[in-house]
Amino acid sequence: MAVSVYIPSPFRRLTQNHEYVSVEGRNVAEVLAAVDQRYPGFGNLVYDRDRAIPAHINIYVNNQEIHDLSGTDTTVADGDQVAVIPALAGGAPDADRATNGHTPAGNPAALSPEEVMRYSRHIIMGQVGPTGQRKLRNAKVLIVGAGGLGSPVAIYLALAGVGTVGIVEFDTVDLSNLQRQLLHQTEDVGKTKMQSAVETLNAYNPHVTVRQHEAPITSDNAMEIIRDYDYVVNGADNFATRYLVNDACYLLGKTLVDGSILLFDGQATVFKPGQGCYRCLYPTPPPPGLVPSCAEAGVLGAITGIIGSIQATEVFKQVLDIGQPLVGRLLLVDALTMEFRTMKLRRDPECPLCGDHPTVTELIDYDQFCGSPPLVAPGATGAAHH
Amino acid sequence: MSVQVHVTSVIQKAVDGQREFAADGSTVAELIEDIERRYPGFRSQIMDGAGQLHRFVNIYLNDEDIRYLGGAETTLKDGDQVSILPALAGG
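Keeping their order, the protein sequence lines are chains A and B. Numbered as in this note's numbering, the first sequence ends at 420 without a single skipped number. Numbered as in this note's numbering, the second sequence ends at 83 without a single skipped number.
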């Protein structure tokens, strides 16, 4: 069984600069042993002290990672191609080059050793790997509101190495925010939430670019702001903004990760265009005053962490295209009974936005739609994202 | 038909502070009447003056929105779970 083994550039000093080595073997372990026999020391590079393949090295048989096959017991046949790809050398793009002869789209830049270390608990998971970590780095996610929900979402996305995190927020930090809004601390009271958020996120992960949209999101700017992002997370604190963001995301074909909280309750879902939207779930907003806000009724601080973490998890799954997204399902969390239930959520054929005969084909006046006074200018109180 | 009713915090105060309770009815409409009898004032939390369910309040029979079943005439059977959920806007 002669198989061709692709040797990554950092290891080629051992193989007399050969990019490909042809050896015999029935499975990956035998192939690696054969390369080691010809070029002593190679085995020490691909195995750790416990004779396991370390997390930063991926081995591919004809483009499939052996974690997804049978590990080093994966059998090989005559003519197969085996590629050894350390994360530091660029991961899958190298593997693609080695086995397909072309470079895939996307940022081919390698992860730095610092990144590999920082994200190692993610990278060692088969669902992430160096390729997934680069997808996260290339992802652009917009978070509407840097308050109760926006805080945990922004922090977990930044920690995970999502490359671009956009934030829409124009409020200032108030002492009463600190009971739940993780981005802001005591010394931040009086600062703009944007400044506080940027400082916190940079402290957590300096690799993340935080894009600042420090103005109320309105029908005039929503399309322009959202257009540049891959995914949008809703952490708004009022119905007008929720309908606005829903409509803009649908019109732009963006997936919206929705979450909301009040008292001891939380709800979360993912709206994928064509599979139901916020208007399908709640066709019209409540008249002002009928559903209280967190400021009026209160909210358990930790429920923002539960729902925000769920939203961050759904973004992570979307970017990596893994698991079953919370699409077509409304997750309900009751912190008092600690019950998690899911309800079916359908696209409503009568929906004025995403139904069979849409009447909402561009953004409307959401303050009028919700019967609420318009959002006020920066610095004023009462209209921001808690 | 005795069914188990789940409500959220916003509605909880209209039903003596309970999160779940049993009530009777062979349809959703009858169930709401029964809850109103037990907890006067409850109906105004979820319906307008004309007896129409507010469009920001969803009622689920088990895990299905009653809008996609029979609306207020959706029939209930013993042991069903009915959830009454208003929209939340907090973030």
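All C-beta atoms in this analysis are idealised placements derived from N, C-alpha and C, irrespective of residue type, glycine included. Every value quoted in this text rests on a predicted model; they were computed, and no experiment measured them.
In the three-state reduction of the DSSP assignment, A:Pro44 falls in the helix class, which pools H, G and I. Taking 7 Å as the cut-off, the beta carbon of A:Thr108 is found no closer than this to the beta carbon of A:Val116. Taken through DSSP and simplified to helix, strand or coil, B:Asn50 comes out as strand. Three or more beta-carbon pairs separated by less than 8 Å are not found between the segment 385 to 402 of chain A and the segment 326 to 342 of chain A, which leaves the two stretches without contact. Listed in chain order, the beta strand (DSSP E) elements of length 3 or more contained wholly in the segment 202 to 266 of chain A are 243 to 247.
Proximity to A:Asp399 across A:Tyr190, A:Asp70, A:Asp281 and A:Val150 peaks at A:Asp281, based on C-alpha coordinates. Note on geometry: alpha-carbon atoms of A:Leu145 and A:Val80 lie some 18 Å from one another. The criterion of a C-beta distance shorter than 7 Å is not satisfied by A:Val361 and A:Ile340. Within chain B, the residues Ala81 and Gly83 have their CB atoms less than 8 Å from the CB of A:Ala270, given in chain order. Using a Cβ-Cβ cut-off of 7 Å, B:Tyr52 counts as an interface residue toward chain A, since at least one Cβ of chain A sits closer than that to its own. Judged by beta-carbon spacing, A:Leu286 lies beyond the 7 Å limit of A:Arg245, meaning their Cβ atoms are not closer than that value. Using a Cβ distance threshold of 7 Å, A:Gly269 and A:Gly179 count as a contacting pair. In this structure, A:Lys174 places its C-beta atom within 7 Å of the C-beta atom of A:Tyr263. For chain B, none of the residues of the segment 198 to 231 of chain A brings a beta carbon within less than 9 Å of one of its beta carbons. Counting of Cβ neighbours within 10 angstroms places A:Met228 among the buried residues, the total reaching 16 or more. Under a criterion of Cβ atoms nearer than 8 Å, the residues of chain A adjacent to B:Val2 are, in order, Leu296, Leu297, Asp299, Val325, Pro326 and Ala331. At a cut-off of 7 Å between beta-carbon atoms, A:Phe76 makes no contact with chain B. Between the alpha carbons of B:Met(-7) and B:Leu68 lies a gap of roughly 7 Å. Neighbours of A:Phe273 in chain B, taken as residues whose beta carbon is under 9 Å from its own, are Phe48, Ala79 and Ala81 in chain order.
According to the DSSP assignment, A:His156 belongs to the alpha helix (DSSP H) that extends over Ser154 to Ile157. Annotated as proximal: A:His218 and A:Ser230, with beta-carbon spacing under 7 Å.
Considering only A:Val118, A:Ala89, A:Glu53 and A:Arg72, the residue with the shortest C-alpha distance to A:Val62 is A:Val118. Neighbours of B:Glu56 in chain A, taken as residues whose beta carbon is under 7 Å from its own, are Lys378 in chain order. Here A:Phe298 is buried. Its C-beta has 16 or more other C-beta atoms within 10 Å.
At a cut-off of 7 Å between beta carbons, B:Arg35 makes no contact with chain A.
Assignment of B:Thr0 by DSSP, reduced to helix, strand and coil, places it in the coil class. If one requires a minimum length of 3 residues, the beta strand (DSSP E) runs lying completely within the segment 351 to 385 of chain A are 363 to 368 and 373 to 378, in chain order. Between the C-alpha atoms of A:Pro164 and B:Ala15 there is a straight-line separation of about 55 Å. In the structure shown, A:Glu53 adopts coil according to DSSP, grouped into three states. At a Cβ-Cβ threshold of 7 Å, B:Ile58 and B:Val49 do not count as neighbours. For A:Asp292, the three-state secondary structure derived from DSSP is strand. In the three-state reduction of the DSSP assignment, A:Asp70 falls in the helix class. Within chain A, Lys378, Arg380 and Asp382 have C-beta atoms less than 9 Å from the C-beta of B:Tyr60, given in sequence order. With a 10 Å radius around the Cβ and a threshold of 16 neighbouring Cβ atoms, A:Arg276 comes out buried. In the three-state reduction of the DSSP assignment, A:Val39 falls in the strand class, which pools E and B. Taking C-alpha positions only, A:Gly181 is separated from A:Tyr316 by approximately 23 Å.
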